[in-house]
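The next block holds one structure in the form of structure tokens; read it before the comments.
Number of protein chains: 6
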Amino acid sequence: MKNLTHIDQQGQIRMVDISEKPRTFRLARARAILKAKKETIKLIRKNLLAKGDVLSTARIAGILAAKKTSQLIPLTHPLNLTNLSIDIELKKQKIILTASVKTVGQTGPDIEAITAAAIAAITIYDMVKAIDREMTIEKIQLIEKFGGKSGHYQRRGYPDK
Amino acid sequence: MKNLTHIDQQGQIRMVDISEKPRTFRLARARAILKAKKETIKLIRKNLLAKGDVLSTARIAGILAAKKTSQLIPLTHPLNLTNLSIDIELKKQKIILTASVKTVGQTGPDIEAITAAAIAAITIYDMVKAIDREMTIEKIQLIEKFGGKSGHYQRRGYPDK
Amino acid sequence: MKNLTHIDQQGQIRMVDISEKPRTFRLARARAILKAKKETIKLIRKNLLAKGDVLSTARIAGILAAKKTSQLIPLTHPLNLTNLSIDIELKKQKIILTASVKTVGQTGPDIEAITAAAIAAITIYDMVKAIDREMTIEKIQLIEKFGGKSGHYQRRGYPDK
Amino acid sequence: MKNLTHIDQQGQIRMVDISEKPRTFRLARARAILKAKKETIKLIRKNLLAKGDVLSTARIAGILAAKKTSQLIPLTHPLNLTNLSIDIELKKQKIILTASVKTVGQTGPDIEAITAAAIAAITIYDMVKAIDREMTIEKIQLIEKFGGKSGHYQRRGYPDK
Amino acid sequence: MKNLTHIDQQGQIRMVDISEKPRTFRLARARAILKAKKETIKLIRKNLLAKGDVLSTARIAGILAAKKTSQLIPLTHPLNLTNLSIDIELKKQKIILTASVKTVGQTGPDIEAITAAAIAAITIYDMVKAIDREMTIEKIQLIEKFGGKSGHYQRRGYPDK
Amino acid sequence: MKNLTHIDQQGQIRMVDISEKPRTFRLARARAILKAKKETIKLIRKNLLAKGDVLSTARIAGILAAKKTSQLIPLTHPLNLTNLSIDIELKKQKIILTASVKTVGQTGPDIEAITAAAIAAITIYDMVKAIDREMTIEKIQLIEKFGGKSGHYQRRGYPDK
């Protein structure tokens with residue numbers, strides 16, 4: 001039976017020991033979806049057209065959060081990220097946020113990508129909450145992973161959204 | 162037409178000015194759902210029974226993240242939180258995380274509650290990802306809010322899960 | 323002869339004791355100027371026209387830095403900032419950044435305003451350095467202060483720039 | 484025509500991808516000047532002679548800020564700094580702060596050096612502001628850079644101050 | 645039988661709810677002792693006489709750590725500290741560090757004082773470890789507490805050291 | 806005569822320059838002891854038996870603090886830790902906390918291990934202080950070190966506790 005890698009024999013949490021893993025190129029992508037009312041999305045689109053900075057604020061919050069991941073998620077390893085971007089797509093009733101993170105290190109940046117997508121989505125929520133308190137963040141998930149022993153992983157159904 | 166409170170006339174982001182709001186008691190609750198395979202949930206339950214600390218790790222990560230919110234979400238105000246708790250419920254194929262946050266301050270801790278729930282969920286994801294990479298975090302949403310001008314808000318459908 | 327308030331009889335640093343000061347409304351404004359080549363400013367302006375986010379990145383970096391001031395500048399007191407904005411003006415050969423910070427607290431947010439202006443300016447420097455390494459940040463100074471015993475202060479020569 | 488490296492085709496900010504750059508030794512030096520009244524400088528010198536710790540406080544604040552740069556300046560990469568020092572020189576009407584930063588990494592520590600010099604200068608301002616609110620921080624600039632593709636750069640006019 | 649205040653009926657950790665406590669003046673003092681070889685203390689004393697900054701570095705590290713306590717110790721409440729100082733005394737074979745912390749808030753700063761004393765002691769250890777790796781930090785303890793329901797507490801045996 | 810490595814000729818603090826040291830595997834272990842009344846230890850043991858999370862909270866606080874060391878202790882170098890664990894043993898009148906830290910880097914993680922042990926101990930103190938304010942943290946010390954020029958070091962008397 002499979003075991004939880006972050007848990008030792010006594011059920012206690014532990015960091016996974018990556019001391020002997022090689023430093024290699026690794027990449028991860030994760031996605032979050034912010035569901036909102038049509039008119040909320042319209043306002044955001046209007047802000048975008050007016051050169052407003054709702055979406056850039058979300059992008060930067062996501063980028064900074066990825067760099068802060070080892071402080072936020074207790075058992076993650078500090079990583080020197082070498083590239084970070086947050087892509088944001090406006091649909092009629094939702095906003096799709098995709099975080100791509102690269103590193104050259106001993107483990108992959110999947111949690112960094114997930115954290116970046118989640119925090120970017122919460123940032124938009126925060127800026128828009130006064131007009132639409134009922135927005136929901138959906139489907140935070142890892143969609144791609146490259147590097148390390150497990151090779152290339154792409155989530156089923158992706159890139160279909 | 163309604164406007165984005167965090168955006169000025171030029172479309173530029175700004176913090177909402179709360180200087181003249183009174184310091185009052187305020188509360189917020191938010192929820193996140195981590196969907197996982199049945200056997201993943203079973204492993205987590207087994208860890209719990211064995212006095213393991215997967216769930217406490219998530220709770221602490223969520224609590225610390227709530228206290229860090231003003232650094233993570235750019236336009237939020239620093240708040241002196243007076244109480245914080247993360248309730249975690251294991252269901253057959255999902256884990257329900259509910260964060261409750263209190264403050265005595267000039268604005269409510271809704272983003273703190275949402276951030277706590279999201280980070281607690283990502284923390285479980287991190288500890289279990291080696292056995293189930295396809296978990297998804299769903300339905301991050303505000304479910305209750307109390308205090309301030311807008312009074313008591315309870316999300317429709319809640320407490321049904 | 324005047325003394326350094328942050329230094330005790332032995333010349334050792336100390337925080338100023340504000341325990342008995344009242345919580346009142348206080349405001350501070352500070353400015354930084356980034357001097358650059360004409361063509362550098364042109365590129366930034368072009369980015370702005372193209373709805374790019376160089377300036378919003380600087381604004382957000384400044385806002386986050388103001389909230390982080392008590393960690394950056396050792397003897398400052400933690401303050402619950404109630405409002406923060408960074409105004410950025412493009413001139414032919416320079417960029418003028420003005421940070422305005424408000425709080426309701428026991429001391430004023432002058433160092434928060436200065437830190438915000440400085441970090442916003444360094445953020446622009448960072449994004450543009452590949453094309454103009456010789457930009458200089460000039461005239462970081464406090465330009466206005468309101469609240470507390472010392473009343474309203476406005477720097478001489480201001481608002482002339 | 485030159486382009487902004489931190490900006491993509493759509494004008495959106497992005498981190499520069501350094502994944503394929505080699506890890507090499509890199510160094511940067513930056514300077515800030517704090518202009519103050521003669522008597523202010525005298526007080527600081529007196530503190531120094533009395534074994535006071537105004538200048539050490541500034542040095543430590545600058546060193547800690549350099550290590551925090553990737554959290555302060557959104558598009559910078561986390562770097563493992565291998566050496567850091569802040570040199571502080573008292574002149575009649577000004578204080579010259581020079582930060583030297585080394586790393587073995589995939590990009591240079593120029594923004595770290597600039598941030599260290601700026602924060603060290605603001606720290607002195609903070610400790611002395613009660614007696615001289617009109618101090619100004621001037622000429623924050625990169626003065627030297629070594630390592631990476633661009634070779635050795637030394638700013639014109641330097642070391643003349 | 646007494647209960648653990650930070651633990652609920654299920655044995656799960658929780659923050660203590662201080663929402664209804666009044667904001668009052670509170671103070672705490674804590675101490676740590678760094679035991680070292682005589683010659684190590686001599687070197688530190690020599691540095692002090694030479695206007696060196698070993699002790700100021702420790703003081704500043706302690707002050708910054710106190711302000712960071714709510715991020716370091718999971719169940720502590722964020723507090724707006726109003727005064728902070730670290731007193732350091734050199735004895736023949738030990739260094740006595742005493743941290744005094746004040747706040748106007750809903751709970752007392754005892755953990756802030758303990759954290760400040762501990763981190764200041766570790767900072768000296770770090771700077772001196774190359775010559776004396778066997779130093780030990782002893783007797784980290786709360787020595788005084790004032791404010792709140794429990795009144796004035798002074799540890800037995802104190803001020804004897 | 807030996808010199809302080811973190812101090813230059815003028816007695817000013819400086820970081821040790823590790824730019825030319827090789828990246829190798831390094832490990833450190835440190836210990837802290839929390840002395841408490843028998844009944845306090847009993848309550849903690851009861852919490853443990855009840856699957857409570859007092860000890861996991863301490864473990865996580867220690868792990869996060871180790872990753873934050875370069876921000877807490879001014880002259881330490883940022884390190885990419887590759888493994889971290891905190892072992893906690895309950896005795897009749899004391900709790901023994903042992904932090905083990907690994908890295909692949911240019912310097913060893915001794916201060917990280919000491920910081921982790923100290924913060925984990927303070928975390929237990931915080932959770933239990935309402936019933937036993939007089940607990941003391943004793944004997945924070947480095948007990949083992951491996952890697953780097955100085956080879957393998959094991960403290961005398963260890964593993965005897």
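Chains as they are written, first to last, in the working numbering: chain A, 1 to 161; chain B, 162 to 322; chain C, 323 to 483; chain D, 484 to 644; chain E, 645 to 805; chain F, 806 to 966. For every residue, glycine included, the Cβ atom is placed at its ideal position computed from N, Cα and C.
Which whole-angstrom value describes the C-beta separation of residue i and residue j, a residue pair presumed to lie in contact below a C-beta threshold of 8 Å?
i: Pro557 (chain D); j: Leu64 (chain A); result: 6 Å
i: Ala274 (chain B); j: Ala191 (chain B); result: 4 Å
i: Val587 (chain D); j: Arg506 (chain D); result: 6 Å
i: Ala764 (chain E); j: Arg703 (chain E); result: 6 Å
i: Met457 (chain C); j: Thr362 (chain C); result: 7 Å
i: Asp593 (chain D); j: Thr82 (chain A); result: Between Thr82 (chain A) and Asp593 (chain D) the Cβ distance is about 17 Å, and since that is not below 8 Å, they are no contact.
i: Ala904 (chain F); j: Ala871 (chain F); result: 7 Å
i: Ser56 (chain A); j: Ile496 (chain D); result: 7 Å
i: Arg960 (chain F); j: Leu947 (chain F); result: 7 Å
i: Lys577 (chain D); j: Ala519 (chain D); result: 7 Å
i: Phe25 (chain A); j: Ser633 (chain D); result: Contact doesn't hold; Cβ gap of about 24 Å is too wide.
i: Asn724 (chain E); j: Asn402 (chain C); result: 7 Å
Bridge partners of residue i, per DSSP?
i: Tyr797 (chain E); result: E:Lys789
i: Asp731 (chain E); result: E:Thr742
i: Arg353 (chain C); result: C:Thr420 and C:Gln463
i: Leu725 (chain E); result: E:Thr747
i: Thr668 (chain E); result: E:Gly749
i: Thr458 (chain C); result: C:Lys357
Give the straight-line distance between the Cα atoms of residue i and residue j, rounded to the nearest whole angstrom.
i: Ile444 (chain C); j: Ile620 (chain D); result: 13 Å
i: Ala833 (chain F); j: Arg45 (chain A); result: 53 Å
i: Gln10 (chain A); j: Ile893 (chain F); result: 12 Å
i: Leu580 (chain D); j: Tyr447 (chain C); result: 19 Å
i: Ile408 (chain C); j: Gly384 (chain C); result: 7 Å
i: Glu305 (chain B); j: His313 (chain B); result: 8 Å
i: Thr720 (chain E); j: Lys413 (chain C); result: 47 Å
i: Met337 (chain C); j: Lys38 (chain A); result: 52 Å
i: Lys161 (chain A); j: Gly147 (chain A); result: Note that Lys161 (chain A) scores a pLDDT of 47, beneath 50, so its modelled location is shaky; the value from the coordinates is reported in the next line. Each residue's alpha carbon lies about 24 Å from the other.
i: Leu204 (chain B); j: Val215 (chain B); result: 10 Å
i: Gly430 (chain C); j: Gln715 (chain E); result: 24 Å
i: Ile140 (chain A); j: Lys68 (chain A); result: 18 Å
i: Lys504 (chain D); j: Lys826 (chain F); result: 20 Å
Using DSSP with H/G/I as helix, E/B as strand and the rest coil, what is residue i?
i: Ser70 (chain A); result: helix
i: Arg367 (chain C); result: helix
i: Gly333 (chain C); result: coil
i: Ala774 (chain E); result: coil
i: Ser816 (chain E); result: Nothing about residue 816 (chain E) can be read from this structure; chain E reaches only from 645 to 805.
i: Thr166 (chain B); result: coil
i: Thr523 (chain D); result: helix
i: Ile605 (chain D); result: helix
i: Thr920 (chain F); result: helix
i: Ile501 (chain D); result: coil
i: Leu75 (chain A); result: coil
i: Lys253 (chain B); result: coil
Regarding residue i and the ligand NAP, is the C-beta to nearest heavy atom distance less than 7 Å?
i: Arg831 (chain F); result: In terms of ligand content, the structure shown is empty, and the ligand NAP therefore cannot be addressed.
Selection of the segment 546-573 of chain D by Cβ proximity to chain E, strictly under 7 Å: Taking 7 Å as the Cβ-Cβ cut-off, the segment 546-573 of chain D has no residue approaching chain E.
Short-range partners of chain C found in the segment 614-635 of chain D, where Cβ spacing is below 8 Å: Sequence-ordered contacts of the segment 614-635 of chain D with chain C read Ile614, Arg616, Glu617, Met618, Thr619, Ile620, Glu621, Lys622, Ile623, Gln624, Leu625 and Lys628 [C-beta pairs closer than 8 Å].
Chain-ordered residues of the segment 581-609 of chain D with a beta carbon less than 8 Å from chain E: For chain E, none of the residues of the segment 581-609 of chain D brings a beta carbon within less than 8 Å of one of its beta carbons.
Members of the segment 338-353 of chain C that neighbour chain E once the beta carbon cut-off is set at 7 Å: The segment 338-353 of chain C vs chain E, Cβ under 7 Å: Asp339, Ile340 and Ser341.
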